[in-house]
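Peer 1:
Chains as they are written, first to last, in the numbering used here: chain A, -18 to 470; chain B, 33 to 541.
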């Protein structure tokens, strides 16, 4: 209890009694002081404390000062005044391949549990497979695919391709269950500190007009989006609004968004007589072409990629369409007039955002808005580390933590020191990380030139501005294939 | 002494109290007084609770927290200590025969004391007691307060009606006197406006009606969108100019001093007569965010389609130009003859480009299919109109028309607020359009100026509308009276204008 408040109450009560009854002893230790004045002033201080506590729960500033001590429900109520809601988090999701030993009909009901590393995942819907739907993968080996979701929105549920699962479902004659691909990464439930920190973004109109309202509407709709930037009239990176004199005339807005997940797809294309593969059938913006291989011998992959020729929607300028759903890319291959499989990283969220901003109830009149993703600089990590007491750390966990960290990183410069600090604090058994770390990133300029940057300190895109490409439009990405681990010591 | 059974038990004591008060204790009046005394503070808590509840609304949030019966203690030794802030620059102080003697004290019999920092205003009275005070000091008659300094007309420490404590040192010598006054109403700044709203925009100021309306206009700007009313209100508030706090009616206008003072039922607005003031009359209805000065003007093409055309001079800042331009592009009013043919081109070499390297000789002019005759005869194309027609739709202009506008208010923080609220596909150019003659400048700037110091930038000389010369680089000193258009940094008196998207037009009156 605040003794100053007690004293404040005491002064008033004492004064009033003294004024009306000057003969009564109100000095410390007297009956009146101990029994009446002290009690009254303590009651006053108690009520004052309660009111102060109420004030703390309705004041944004106080909540910001002590986000961990403020009741979540009180924060939610306070934030609702500003049209801000707590993000419920995103549970990891992905496909598992269930291999069985006999050819017959199978059913997996919604909610069926699968377990990996003591974490539970559940089938997202009812699945029924007739015998003829099963795919044979060997002698007495058949498989089917089921989509499952983690029980909790926690990073501990992140799963890499190939992870093993178990299930108590009978009788399925199951011989193995494994993840077909990397699961989408978890986004944890927003803390009170997080929601208070972003409330500033929530005070805005509900339209696609201002940078603030654009961010608010899209983040509200797509909870998996971790970062949004807008490029408008005032931004030099906005190239679509230059007239034929090289003067900006406005009217154009680009929305750059990204999620923590990098989508991976394989497309089948027939090359022309010059070996050029037209990727116009890919409806998503292409972040990276990882490899290609002949369809008839898919295991012999070509990873030395030389691309690209960009074409775009005629209403968009050539370069500005890059990383938008309107881009088309051609890949130069070594196979002439043959069918090939091309492995790509794409951003599916861009197309969803583009559809959203074209919603007739929201789209602003005469405004040209284009959904894009950030220019990706893929970070390659070569990590050498030591563990405590010869203990071991699951390499998949480390890779997932690194990918999660890099793909959640929103800054313009990637600081190696923060990265190292994050890993050491995430893994208790990691004793040290060998420095200097060989960390680098690769990105492509508009003229298809491949640029590699490397630094023991901080990675940064070359600040020399090139046709809409700058620190503002470029962000760091990574996949588990870009991470190399080695235990030393 | 023999204790009766249970006399040391709290339960027995409490159960006996009821009959004690009723049967034995006769001083009911004391009980009433005690309860009243407690009520005073409980009332304050109740009102604080109401303030907190109201604080969720920017319309209703209390500017100051109100408390009753504040105990103000003052020491004689503090007379004159820290009271130098009584008169501050900008206060309405008159020196001379009827006012203050420069360097002298106001009145020998007056005493001044600094009020505690947490107090932002006292009510109209100070009392020597809470109940039935025998002596009441009135604001304006017995004391006044300015800049948190209280000035008593007479030495309050010699007032027989006010009890004092004598303070002695260790050797028993009297070293000080302390009096205690009761303030029926005191206002303290608990910064509710900042804690509940200002923190959202990282704008921390002392609480005031101006701060409240400033936050109000920012929230309106964001919540209701970038409507002209909110943009103008925001700009005026940012530059420290008054805007209407409520929907209200002008009751009285006082023009007896350097300020024009506007009185409404609840508010008073002081307008600087050195700056142009919007025509105002008694009985005029004001809407919230209405502006009083017309020195910050927002101009957009749809409302003022001839404004940019009539300027006949326009500079496009480099932030709106492609990287091929090395300096801001200054477009002048020129008419050229152009052969109108399919795929015809016309020369823009009459556009004065300074050091810019962009190729403008071959600009395509597309002709639509609306039945326009294609022939060999030339048509007149105005290069100024050609360029500004393309640019003007998504740009608006903020024009400052007084050197007295506090441009320092337009800090990066506030320009960022404006940019966040504006449509992403539009932008603004800030200009300063100043008109004054030699005498004005001499009298109103630093009183020694006979010239204007200009920094790096671009200027046109001679006449505004038929410019024969564009100069880049440092201007140095420009003699007053030169009609001049400047795009770039400039120092006018104490005001420094930042280079970039600033156009200053100094015209001869």
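All C-beta atoms in this analysis are idealised placements derived from N, C-alpha and C, irrespective of residue type, glycine included.
#1: To be precise: take each residue of the region 422 to 437 of chain B, compare its Cβ to all Cβ atoms of chain A, and keep it if any distance is under 8 Å. Which residues remain?
#2: Grab me the residues of residue 214 of chain A's own chain with a C-beta within less than 7 Å of its C-beta, minus the 5 sequence neighbours each way, in chain order.
#3: Is there a Cβ of chain B sitting closer than 8 Å to that of residue 48 of chain A, yes or no?
#4: Between the region 13 to 34 of chain A and chain B, which residues of the former have a C-beta closer than 7 Å to a C-beta of the latter?
#5: Which whole runs of the beta strand (DSSP E) in the region 101 to 174 of chain A are 3 residues long or more, in chain order?
#6: Residue -4 of chain A versus chain B: which residues are under 9 Å apart at the beta carbon?
#7: Contact criterion: CB-CB distance below 8 Å. Does residue 441 of chain A meet it with respect to chain B?
#8: Measuring alpha carbon to alpha carbon, tell me which residue in B/99, B/460, B/298 is nearest residue 216 of chain B.
#9: Straight-line CA distance for residue 462 of chain A to residue 439 of chain A?
#10: At a Cβ threshold of 8 Å, is residue 248 of chain B touching chain A?
#11: When you compare the CB of residue 351 of chain B with every CB in chain A, is at least one pair closer than 8 Å?
#12: How many angstroms separate the CA atom of residue 267 of chain B from the CA atom of residue 386 of chain A?
#13: Are the C-beta atoms of residue 341 of chain B and some chain A residue less than 8 Å apart?
#14: Residues of chain B with a CB under 7 Å from the CB of residue 69 of chain A: which are they?
#15: Does any residue of chain A have a CB that is nearer than 8 Å to the CB of residue 98 of chain B?
#16: Looking only at its own chain, which residues have a Cβ that is under 6 Å from the Cβ of residue 89 of chain A, when we skip the five neighbours before and after it?
#17: Which residues of chain B have a Cβ atom closer than 7 Å to the Cβ of residue 0 of chain A, listed in chain order?
#18: Alpha helix (DSSP H) containing residue 334 of chain A: first to last residue?
#19: On the DSSP letters alone, give me the boundaries of the beta strand (DSSP E) that residue 100 of chain B sits inside.
#20: What in chain A is Cβ-close to residue 348 of chain B, meaning under 7 Å?
#21: Please list the partners that residue 348 of chain A has in chain B, where partner means a Cβ-to-Cβ separation under 8 Å.
#22: Quick check on residue 369 of chain A: buried or exposed, where buried means 16 or more other Cβ atoms within 10 Å of its Cβ?
#23: Starting from residue 357 of chain A, follow its DSSP beta bridges and name the residues at the other end.
#24: Between which residues of its own chain and residue 449 of chain B is the CB-CB distance below 7 Å, once the five residues before and five after are set aside?
#25: Please list, in chain order, the residues of the region 218 to 229 of chain B that have any C-beta partner in chain A closer than 7 Å.
#26: Once you ignore the five residues that flank residue 467 of chain A on each side, which residues in its own chain have a CB closer than 6 Å to its CB?
#27: Contact check, residue 229 of chain B vs residue 90 of chain B under 8 Å by CB: the rounded distance?
#28: From the beta carbon of residue 181 of chain A, is the nearest beta carbon of chain B less than 8 Å away?
#29: Does DSSP put residue 63 of chain A in a helix, a strand or coil?
#30: Given a limit of 9 Å on CB to CB distance, which residues of the region 36 to 60 of chain A reach chain B?
#31: Throw me the rounded Cβ distance for the residue 173 of chain A and residue 56 of chain A pair, which I believe falls under 8 Å.
#32: By the three-class DSSP mapping on this structure, what secondary structure does residue 300 of chain B have?
#33: Locate the beta strand (DSSP E) running through residue 544 of chain B, then write down its first and last residues.
#34: Just the chain A side, please: which residues come within less than 7 Å of residue 354 of chain B by C-beta, in chain order?
#35: Unbroken alpha helix (DSSP H) runs of length 4 or more, entirely within the region 244 to 303 of chain B: which are they?
#36: With 16 other CB atoms within 10 Å as the buried threshold, where does residue 434 of chain B fall?
Peer 2: In terms of the structure at hand:
#1: Of all residues in the region 422 to 437 of chain B, 422, 423, 425, 426, 427 have a Cβ within less than 8 Å of some Cβ in chain A.
#2: 222, 229, 231
#3: no
#4: 17, 21, 25, 28, 29, 32
#5: 108 to 110, 116 to 119, 122 to 131, 155 to 160
#6: For the C-beta of residue -4 of chain A, the chain B residues within less than 9 Å are, from N- to C-terminus, 69, 101, 103, 161, 162, 212, 214.
#7: no
#8: B/99
#9: 22 Å
#10: At a cut-off of 8 Å between C-beta atoms, residue 248 of chain B does not count as an interface residue with respect to chain A.
#11: The beta carbon of residue 351 of chain B sits closer than 8 Å to some beta carbon of chain A.
#12: 41 Å
#13: no
#14: The premise fails here: residue 69 of chain A is roughly 23 Å from chain B at the closest Cβ pair, so nothing lies under 7 Å.
#15: no
#16: 104, 108, 127
#17: 161, 162, 163
#18: 330 to 338
#19: 97 to 107 is the span of the beta strand (DSSP E), which, as asked, contains residue 100 of chain B.
#20: 228
#21: 455, 457
#22: exposed
#23: A/456
#24: 233, 250
#25: 226, 227, 228
#26: 365
#27: That belief holds up - the Cβ atoms of residue 229 of chain B and residue 90 of chain B are roughly 6 Å apart, short of 8 Å.
#28: yes
#29: Reduced to three states, the DSSP call for residue 63 of chain A is coil.
#30: For the region 36 to 60 of chain A, the beta-carbon criterion of a distance under 9 Å to any beta-carbon of chain B is satisfied by 36, 39, 40, 41, 42, 43, 45, 59.
#31: Rounded to the nearest angstrom, the Cβ distance from residue 173 of chain A to residue 56 of chain A is 4 Å, consistent with a contact under 8 Å.
#32: Strand, per DSSP.
#33: Examination of residue 544 of chain B is not possible in this model, given that chain B is present from 33 through 541 alone.
#34: 223, 227
#35: 260 to 270
#36: Counting of Cβ neighbours within 10 angstroms places residue 434 of chain B among the buried residues, the total reaching 16 or more.
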